[in-house]
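Heads up: the sequence shown begins at 1 in UniProt numbering, then just goes up one per residue. Okay, so here's the structure we're looking at.
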Amino acid sequence: MAQLTGGEIIAKYLEKEGVEYLVGIPGHGSTNLLDAFNDSSVDVIQPRHEQGATHLADGYARASGKPLAVFTSIGPGATNTVTGAATAYVDSIPMVIFTGAPQTHEYGQGILQELDRQKQGDFPSVMEPVTKRSFVVRDVERLPRILRRAFQIAVTGRPGPVHVDVPMDVQGASADVEIPEPAETRAHSRPGGDPDSIAEAADLLADADRPVIVPGGGCMLGEAWDEIQELAEHLKAPVIPTFQAKGIIPEDHDLFVGYAGWIGSTAGNELATSADVVLAVGCRFSDLHTSSFEPGVSFDIPPSKLIHVDIDNTEVGKNYPVEVGILGDAKVVTQQLHDAVSDHVDEVSTEDNDYYDEIQRLWAEWEELVEERHTDDVPMSISRALASLREALPRDGLVVTSAGQPQETTNPEFPVYEPRTNISCGGFSTMGFGVSAAIGAKLARPDSPVVDVEGDGSFLMCNQEIACAVEHDVDVTWLVLNNHGWKSIRNLQVNKYGWDRVLNTPFDEETDVDYVKMAEAFNVGFVERVVKPENVTETVERAIEYDGPAFVEVIVEPDNPESGAIITGEWDLADLEK
1 MAQLTGGEII AKYLEKEGVE YLVGIPGHGS TNLLDAFNDS SVDVIQPRHE QGATHLADGY
61 ARASGKPLAV FTSIGPGATN TVTGAATAYV DSIPMVIFTG APQTHEYGQG ILQELDRQKQ
121 GDFPSVMEPV TKRSFVVRDV ERLPRILRRA FQIAVTGRPG PVHVDVPMDV QGASADVEIP
181 EPAETRAHSR PGGDPDSIAE AADLLADADR PVIVPGGGCM LGEAWDEIQE LAEHLKAPVI
241 PTFQAKGIIP EDHDLFVGYA GWIGSTAGNE LATSADVVLA VGCRFSDLHT SSFEPGVSFD
301 IPPSKLIHVD IDNTEVGKNY PVEVGILGDA KVVTQQLHDA VSDHVDEVST EDNDYYDEIQ
361 RLWAEWEELV EERHTDDVPM SISRALASLR EALPRDGLVV TSAGQPQETT NPEFPVYEPR
421 TNISCGGFST MGFGVSAAIG AKLARPDSPV VDVEGDGSFL MCNQEIACAV EHDVDVTWLV
481 LNNHGWKSIR NLQVNKYGWD RVLNTPFDEE TDVDYVKMAE AFNVGFVERV VKPENVTETV
541 ERAIEYDGPA FVEVIVEPDN PESGAIITGE WDLADLEK
């Protein structure tokens, strides 16, 4: 065993975990931890806000499947991670967040930045609802065990963020300890489904006339893309992913039919509602995905029979009753189902297959509807700008989005072709997420171009992270679609209450930001503004080819109906009593 400080223990354990980057901002509450990384192979990335640190780690994990570590000081540096932790928690994205804490001998004395009125050193209570687990390290000798537990919890089962509160004196204290081997604390197999349940589900699928497959984010986390596609091809069942599973099947595949829900495709909603059997894998059936559970709009369960597969038992049957509920890993269970179905029926043919023909017809109708939005009007539509981006971005390129109008158009309309090439915040719908998540995605996939598509309102939430990309020379392209305001919410207010009830500040000539000057002030080497739609593709191509961070502002229509998206479903937002 070796005499190591708390900071050195953390550094050496991260090396054993294969963590490439420690992401965070130095503070007095983290100096002992950070000093150890002067002699570590783990590189330190310094964003400009702790929220940006968590989003960067989030984007990295979504693009690679591997976690990063985040560090902060005590107090506001720690509380700044809460939004990013919540974003990762809702979407089941792994990371480990280290925060500074009061010296153990001063707990409860109200030292600088301590939360102590309810309980001494009470910051872990803040993190409990937004992490899988929150640890407090009281003794440096306990640190190795807590570290292996933290990473074990973050990456196994349903993944998610884990918090470790490390008092300042524990960071600097020394102990003779052995650094544990991560492999010794992991299960070496994935859980499969109960054989009887697999057989029952296979019977339903084999006998179904109109089966649909609904992969969720759990399929992306479980790397089940090959298994989903093979099962769909065997059954000739349409694939209707959730947005967190966008890319689970190539969007030019003949069985891909878009998405279900409020901004799903017409094909996705129609096929989902008319299914006799729905196989949902790693899918939690949220309000936006189900048209707020309104029967017959996006799903009709029952009478559709639901086979629900998830690694988290709390999700199975949570929002819809199940015909067969299967607890297990998405990849393993989908392969089990494919094997069992293959024993029942041969691969379904497309010849004289009315259901398959209907799938092709419905998808063609949706594609035609989207194509109609690609006009050459000035200012251009968001749809038109995204069509040009698709022309510029290679097939393996990554697109990143935050909440708002660009996401509401990108998710249903922008085709992606490979897993982990669509990085988008989901259930927590966090504005500004993509500005930093794109940096993490590029660090994870350095050989693939990464473009973050932001609205101007979302971009302003976390724009300071451009400085992080410039400092570390991370080759990201930001594509800011400027419609001069928070128009997604503005349109919501108009639709619910009328123009005379809108409380929403427009970004007019007097209050709007000059984004070109902003990017130049951050020392971005490639900065351009585009007004005409015919210039978008060529400009984005040059931005992607540029060796370094690049910024493109595209002026889009400021007043479009329904938040710029094609509304095909419903979303339940309670109105005020009149």
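Beta carbons: idealized from backbone N, C-alpha and C, even for Gly.
Asked, Found
"Output yes or no for whether 8 Å exceeds the beta carbon distance between residue 266 and residue 299.", "no"
"Looking at the secondary structure, which residues open and close the beta strand (DSSP E) in which residue 529 lies?", "526-530"
"Within the region 74-158, note down every full beta strand (DSSP E) run reaching 3 residues or more, in order along the chain.", "95-101, 133-136"
"In whole angstroms, what is the alpha-carbon distance linking residue 216 and residue 509?", "42 Å"
"Give the list of continuous beta strand (DSSP E) stretches no shorter than 3 residues that lie fully inside the region 319-399.", "324-327"
"Output the distance between the C-alpha atoms of residue 319 and residue 456, rounded to the nearest integer angstrom.", "35 Å"
"Candidates 486, 468, 541: which alpha carbon is nearest residue 519's?", "468"
"Using C-beta distances below 7 Å, list every residue in its chain close to residue 146, excluding the 5 sequence neighbours before and after it, in chain order.", "135, 137, 164"
"Check residue 488 in the structure and name its three-state DSSP category.", "helix"
"Quick one: complete alpha helix (DSSP H) runs, 4+ long, within the UniProt domain \"Thiamine pyrophosphate enzyme central\" (198-337)?", "217-221, 225-235, 266-273"
"Are residue 582 and residue 160 closer than 8 Å when you measure CB to CB?", "Here the chain comprises residues numbered 1 to 578, so residue 582 is not present and cannot be evaluated."
"DSSP state of residue 559, grouped into three classes?", "coil"
"Using C-beta distances below 7 Å, list every residue in its chain close to residue 578, excluding the 5 sequence neighbours before and after it, in chain order.", "Note that residue 578 has pLDDT 45, beneath the 50 cutoff, so the model's placement of it is unreliable and the number below is only indicative. Same-chain partners within the cutoff: there are none."
"How many angstroms separate the CA atom of residue 358 from the CA atom of residue 460?", "44 Å"
"Measuring straight from C-alpha to C-alpha, what distance separates residue 36 and residue 394?", "40 Å"
"Can you tell me where the alpha helix (DSSP H) with residue 548 in it begins and where it stops?", "From DSSP, residue 548 is part of no alpha helix (DSSP H); its letter is neither H nor E."
"By the DSSP assignment, the beta strand (DSSP E) with residue 584 in it spans what residues?", "The first residue shown for the chain is 1 and the last is 578, placing residue 584 beyond what the model contains."
"Once you ignore the five residues that flank residue 332 on each side, which residues in its own chain have a CB closer than 6 Å to its CB?", "190, 192"
"Under the three-state reduction of DSSP, which class applies to residue 21: helix, strand or coil?", "strand"
"Over the uninterrupted beta strand (DSSP E) stretch that includes residue 477, give me the two end residues.", "477-482"
"Along the chain, where does the beta strand (DSSP E) containing residue 422 start, and where does it finish?", "422-424"
"Compute the beta-carbon to beta-carbon distance between residue 86 and residue 70, rounded to the nearest angstrom, for a pair I have assumed lies under 8 Å.", "The pair is not a contact, with the Cβ atoms about 14 Å apart (cut-off 8 Å)."
"Considering only their Cβ atoms, is the gap separating residue 140 from residue 67 smaller than 8 Å?", "no"
"Would you grab the beta carbon distance between residue 230 and residue 344 for me? Rounded to a whole angstrom, and I think it's under 8 Å.", "Actually they are not in contact, since the Cβ atoms of residue 230 and residue 344 sit about 15 Å apart, beyond 8 Å."
"Report yes if the C-beta distance between residue 557 and residue 529 is below 8 Å; otherwise report no.", "no"
"Quick one: measure Cβ to Cβ for residue 407 and residue 424, integer angstroms, because I've assumed they're closer than 8 Å.", "6 Å"
"Pick from 350, 31, 92, 181: whose alpha carbon is nearest that of residue 73?", "31"
"Mind checking whether residue 296 and residue 418 have CB atoms under 8 Å apart?", "no"
"Which residue wins for smallest C-alpha separation from residue 168, given the options 527, 29, 303?", "29"
"Spatial neighbours of residue 363 within its chain, please: CB distance less than 6 Å, with the 5 preceding and 5 following residues excluded, ordered by chain position.", "257, 267"
"Less than 7 Å between C-beta atoms, sequence neighbours within five positions excluded: which residues of the same chain meet that for residue 243?", "259, 411, 424, 426"
"Would you mind working out which of 33, 199, 44 sits nearest residue 170, comparing C-alpha positions?", "33"
"By Cβ distance, which residues of its chain are closer than 8 Å to residue 15, with the 5 residues on each side in sequence left out?", "40, 41, 42"
"Between which two residues does the beta strand (DSSP E) carrying residue 455 extend?", "450-455"
"State the Cα-Cα distance for the pair residue 536 and residue 336, rounded to the nearest angstrom.", "46 Å"
"If you measure between the beta carbons of residue 392 and residue 531, is that distance less than 8 Å?", "no"
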